[in-house]
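In our numbering, the protein residues as written are 19 to 463. Glycine included, every Cβ here is placed at the ideal spot set by N, Cα and C. Data first, discussion second: the structure below is written as structure tokens.
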């Protein structure tokens, strides 16, 4: 049996960052990964999607080159080259992670691991033990349990990211982050995109006012408050998506269907019952320190269901290692910025105006618009709006929601300010470079 100080099951952004951090602080670490290092984020999520988004943005600019005084521009768009570059980016980052872990002395075992005892796991027939174990097994795309979900051409985001053609007609089921990003990308690539969403509005984490504006700015057809009932194959080979919209049955024909209906934690195969770790459909049960019902076993990232974001997993892992090292930190898990890389972009941190109303919070809402910003005008990116919510008594910032160019960068600045309990008055006293999009923060009224 091999022994180390810490065992980590899963090599995604939570697992590999925790492994590196622990090793850097002198702990021996064994990390198990049955597939590729980097997890969903690197291999079939954040990075390949954002590579698509960048290509889509360049393509959009070329398509609107006349705005910048460029006439009679002709070009050939090659989707296979997009896929080729995506694979190159992913491969480079995978290699970087492998090099990083090797440099820190982390033992990487390329196999799945499952519990055989509270301090022991087994992988490929060999047993490994550790004083502490961190589960970081991530999540997988949910597949709707409807008739026709198994048909060729019906995909989750994992398959969609490896598609070798641009569908002429693409139907996306779900208007969350994945659905909206894919809608934005493939509309730019040339697909006729239809989005079907059960909820009243897209992107539930985003302020509904901004979400509505973003949806209307996107070149896709949306069917909100619609429930998909099944998918069938037409005589001409098309996929027919049947749905009900406000009580009325409708159909849409497509050449490909993306099921973007969320993700589910990976807990199968861990043998958690054998060691008494509590879990359910929403993930592995943890406390605020990511500790499971077994004190020396922790769960971080998507598998605990707390917040399915790569950077959340990373910070949860660092927090757990800090606990094991006896280091106090001030990580604020309730201040968790997020972004959607559509065109235009969106980002948010903290409470939306909707949430303030729902919770009965006395708040101040300040707004600003991209059309009044000099840099946005120069960039031809005038579509956008920002909202900042502050406590009405203290004027401390409690939320920021943005849609428009570089929304994620603006939200990141506000996220840092929120971590330091910044007020509206203090924000107004902070000098911003001119001309920049971040000056929008100074223009709030």
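Next on the checklist: If you follow the alpha helix (DSSP H) that residue 98 is in, where does it begin and where does it stop?
Outcome noted: Within the chain shown, residue 98 is the residue found at index 80, counting from 1. In this chain, the alpha helix (DSSP H) harbouring residue 98 covers 97-121.
Next on the checklist: Please identify the residue among 214, 215, 197, 266 whose C-alpha is closest to the C-alpha of residue 179.
Outcome noted: For this step, residue 179 is matched to residue 161 along the chain shown. Of the listed residues, the one whose Cα sits closest to residue 179 is 197.
Checklist entry - Can you name the residues that DSSP bridges to residue 189? => result The sequence position of residue 189 within the chain shown is 171, counting from 1. According to DSSP, residue 189 bridges with 212, 275.
Next on the checklist: Helix, strand or coil for residue 52? Go by DSSP, reduced to three states.
Outcome noted: Your numbering for residue 52 matches position 34 in the chain shown. In this structure, residue 52 counts as coil in the three-state DSSP scheme.
Checklist entry - Taking the continuous beta strand (DSSP E) assigned at residue 148, which residues delimit it? => result Counting from 1 along the chain shown, the entry for residue 148 is found at position 130. Where residue 148 is concerned, the enclosing beta strand (DSSP E) stretches over 144-153.
Next on the checklist: Strictly by DSSP, which residues pair up with residue 409?
Outcome noted: Indexing the chain shown from 1 puts residue 409 at position 391. DSSP lists 381 as partners of residue 409.
Checklist entry - Unbroken alpha helix (DSSP H) runs of length 4 or more, entirely within the region 222-254: which are they? => result Segments of the alpha helix (DSSP H) lying fully in the region 222-254: 226-235.
Next on the checklist: If you follow the alpha helix (DSSP H) that residue 333 is in, where does it begin and where does it stop?
Outcome noted: Residue 333 sits at position 315 when you count from the first residue of the chain shown. Note, residue 333: alpha helix (DSSP H), 328-343.
Checklist entry - Cα-Cα, which of 81, 173, 50, 330 is closest to residue 119? => result Stepping through the chain shown from its first residue, residue 119 is reached at position 101. Distances from the CA of residue 119 to each of 81, 173, 50, 330 were compared; the closest alpha carbon is that of 50.
Item to check | Own chain, CB closer than 7 Å to residue 223, minus 5 neighbours either side, in chain order | outcome: Here the question's residue 223 lines up with position 205 in the chain shown. Excluding sequence neighbours, residue 223 sits near 356, 366.
Checklist entry - How close, in whole Å, do the beta carbons of residue 437 and residue 353 come, if the pair is a contact with beta carbons under 8 Å? => result Reading the chain shown from its first residue, position 419 is the one you call residue 437. Reading the chain shown from its first residue, position 335 is the one you call residue 353. 6 Å between Cβ atoms; contact.
Checklist entry - For residue 3 versus residue 335, is the C-beta distance shorter than 9 Å? => result Only positions 19 to 463 of the chain appear in this structure, which leaves residue 3 out of reach.
Item to check | Straight-line Cα distance separating residue 125 from residue 235 | outcome: Locating residue 235 in the chain shown gives position 217, counting from the first residue. Locating residue 125 in the chain shown gives position 107, counting from the first residue. Near 48 Å, if we compare the C-alpha coordinates of residue 125 and residue 235.
Checklist entry - Between the Cα of residue 148 and the Cα atoms of 141, 122, 217, 26, which residue gives the shortest distance? => result Residue numbering aside, residue 148 sits at position 130 when the chain shown is read from its first letter. Checked all of 141, 122, 217, 26; the closest Cα to residue 148 is 26.
Item to check | Among 230, 308, 265, the one whose alpha carbon lies nearest that of residue 464 | outcome: The structure shown has nothing for residue 464, since the chain only spans 19 to 463.
Checklist entry - Start and end of the alpha helix (DSSP H) containing residue 31? => result Locating residue 31 in the chain shown gives position 13, where the first residue counts as 1. Run containing residue 31: 31-42, per the alpha helix (DSSP H) assignment.
Next on the checklist: Buried or exposed for residue 391, going by 16 or more other Cβ atoms inside 10 Å?
Outcome noted: By one-based count along the chain shown, residue 391 stands at place 373. Counting Cβ neighbours within 10 Å, residue 391 comes out buried, since at least 16 surround it.
Checklist entry - Counting along the chain, where does the beta strand (DSSP E) carrying residue 358 start and finish? => result In the chain shown, residue 358 corresponds to position 340, counting from 1. From DSSP, the beta strand (DSSP E) with residue 358 extends over 356-358.
Item to check | Anticipated Cβ contact below 8 Å, residue 328 with residue 31, distance rounded | outcome: By 1-based counting over the chain shown, the position of residue 328 is 310. By 1-based counting over the chain shown, the position of residue 31 is 13. In this structure residue 328 is in contact with residue 31, their Cβ atoms being roughly 4 Å apart against a cut-off of 8 Å.
Item to check | Spatial distance of residue 361 from residue 286 (CA atoms) | outcome: Position 343 of the chain shown, counted from the first residue, corresponds to residue 361. Position 268 of the chain shown, counted from the first residue, corresponds to residue 286. Residue 361 and residue 286 have their C-alpha atoms spaced approximately 37 Å apart.
Checklist entry - Which whole-angstrom value is the C-beta distance of residue 70 and residue 292, which I expect to be below 8 Å? => result Along the chain shown, read from residue 1 onward, the residue named residue 70 stands at position 52. Along the chain shown, read from residue 1 onward, the residue named residue 292 stands at position 274. Not confirmed; about 41 Å, so no contact.
Checklist entry - CA-CA distance, residue 405 and residue 37? => result Translated into positions along the chain shown, residue 405 becomes position 387. Translated into positions along the chain shown, residue 37 becomes position 19. Distance between the alpha carbons of residue 405 and residue 37: 38 Å.
Checklist entry - What distance in whole Å lies between the Cβ atoms of residue 280 and residue 160, which are believed to be in contact at a cut-off of 8 Å? => result Start at 1 with the first residue of the chain shown, and residue 160 comes out as number 142. Start at 1 with the first residue of the chain shown, and residue 280 comes out as number 262. For residue 160 against residue 280, the beta-carbon gap comes to about 5 Å, under 8 Å, which counts as contact.
Checklist entry - Quick one: is residue 463 buried, meaning 16 or more other Cβ sit within 10 Å of its Cβ, or exposed? => result As a first step, residue 463 must be located in the chain shown, where it is residue number 445. With fewer than 16 other CB atoms across the displayed protein chains lying within 10 angstroms of its CB, residue 463 is exposed.
Checklist entry - Assuming residue 16 contacts residue 150 under a Cβ cut-off of 8 Å, what Cβ separation, rounded to an integer in Å, is found between them? => result The first residue shown for the chain is 19 and the last is 463, placing residue 16 beyond what the model contains.
Checklist entry - Looking at residue 231 and residue 403, is the spacing between their C-beta atoms short of 9 Å? => result Your numbering for residue 403 matches position 385 in the chain shown. Your numbering for residue 231 matches position 213 in the chain shown. Cβ distance < 9 Å, so residue 403 and residue 231 count as in contact.
Next on the checklist: Short of 7 Å in beta carbon distance, which residues of its chain neighbour residue 454, apart from the five on each side in sequence? Order them along the chain.
Outcome noted: On the chain shown, residue 454 is found 436 positions in, with the first residue counted as 1. The residues are 393.
Checklist entry - Can you tell which of 450, 221, 80, 191 has the C-alpha that lies nearest to the C-alpha of residue 164? => result In the chain shown, residue 164 corresponds to position 146, counting from 1. Ranking the options by Cα distance to residue 164, first place goes to 191.
Checklist entry - In its own chain, which residues sit with a C-beta less than 7 Å from the C-beta of residue 435, not counting the 5 before and 5 after it? => result As a working mapping, residue 435 is identified with position 417 in the chain shown. Taken in chain order, the residues that qualify are 415, 445.
Checklist entry - In three-state DSSP terms, what is residue 83? => result Position 65 of the chain shown, counting from 1, holds the residue named residue 83. When secondary structure is reduced to three states using DSSP, residue 83 falls in the helix class.
Next on the checklist: I'd like the list of long-range same chain contacts for residue 397, defined as Cβ closer than 7 Å, with 5 residues on each side in sequence excluded.
Outcome noted: On the chain shown, position 379 is the one that residue 397 refers to. Correct list, in chain order: 423.
Item to check | Own chain partners of residue 270 with C-beta closer than 7 Å, once the 5 adjacent residues on each side are dropped | outcome: Numbered from 1 along the chain shown, position 252 holds the residue referred to as residue 270. Cβ neighbours of residue 270 beyond the five flanking positions: 189, 212, 259.
Next on the checklist: Am I right that residue 74 and residue 207 are in contact with their C-beta atoms under 8 Å? What's the rounded C-beta distance?
Outcome noted: For the purposes of this step, residue 74 is taken as the residue at position 56 of the chain shown. For the purposes of this step, residue 207 is taken as the residue at position 189 of the chain shown. By a beta-carbon distance limit of 8 Å, residue 74 contacts residue 207. Their separation comes to about 6 Å.
Item to check | Reduced DSSP category for residue 422 - H, G, I as helix; E, B as strand; rest coil | outcome: Here residue 422 refers to the residue found at position 404 when the chain shown is read from its first residue. Coil, per DSSP.
Item to check | Sequence-distant residues of its chain with Cβ nearer than 8 Å to residue 262 (five each side left out) | outcome: Here residue 262 refers to the residue found at position 244 of the chain shown. Answer for residue 262: 244, 245, 247, 268, listed in chain order.
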